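Undergrad:
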Amino acid sequence: MVNIIEKQQENKELLNEIELLKQQLADKDRELNDYKNTEVNEQEEAEFKQNATERIHQMLVEMRNSLMHDYNWKEKENLEEVVERIVIDHFESTELATDLLKD
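When the count follows the working numbering, it moves up by one through the sequence shown with no breaks and lands on 304 for the last residue.
(1) From what residue to what residue does the alpha helix (DSSP H) around Val203 run?
(2) Under a three-way DSSP split, which group does Asn252 fall into?
(3) Please report the distance separating the alpha-carbon of Leu221 from that of Asn212.
(4) Below 8 Å CB to CB, which residues in the same chain sit around Gln209 once its five sequence neighbours on both sides are set aside?
(5) Could you give the distance in angstroms between the alpha-carbon of Glu245 and the alpha-carbon of Leu215?
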């Protein structure tokens with residue numbers, strides 16, 4: 202009789218452990234669904250990239266306008282080339298300017 206009571210107690214403990222594991226699994230499923238729901242769709246990503254590009258362009262224009270030297274900025278000149286020239290002109294002795302000059 203004692204053996205049956207011990208087995209029943211062990212079974213209850215196992216059932217409790219199973220319920221706990223089921224709850225943990227359900228919690229992880231909710232976390233995963235929450236994560237999936239926060240993903241950005243392609244349109245939002247494209248808008249973000251466009252806004253970031255526009256902000257970078259505006260920052261470079263402001264940087265150009267604040268410079269004391271005239272770098273002969275042409276209306277449709279490649280921004281990367283302008284920044285490269287500025288780095289080379291102002292930071293001649295640095296490793297970055299040296300690397301840019303090699304290219």
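All C-beta atoms in this analysis are idealised placements derived from N, C-alpha and C, irrespective of residue type, glycine included. Keep in mind the model is a prediction, meaning the values are calculated, not measured.
TA: Well, looking at it:
(1) Taking the sequence shown and counting its residues from 1, the one referred to as residue 203 is at position 2. For Val203, the enclosing alpha helix (DSSP H) covers residues 203-238.
(2) Indexing the sequence shown from 1 puts residue 252 at position 51. Asn252: helix per DSSP, three-state reduction.
(3) The residue given as residue 221 occupies position 20 in the sequence shown. The residue given as residue 212 occupies position 11 in the sequence shown. Taking the straight line from one Cα to the other gives about 14 Å.
(4) Reading the sequence shown from its first residue, position 8 is the one you call residue 209. Same-chain partners within the cutoff: there are none.
(5) By one-based count along the sequence shown, residue 245 stands at place 44. By one-based count along the sequence shown, residue 215 stands at place 14. C-alpha separation (whole angstroms): 48 Å.
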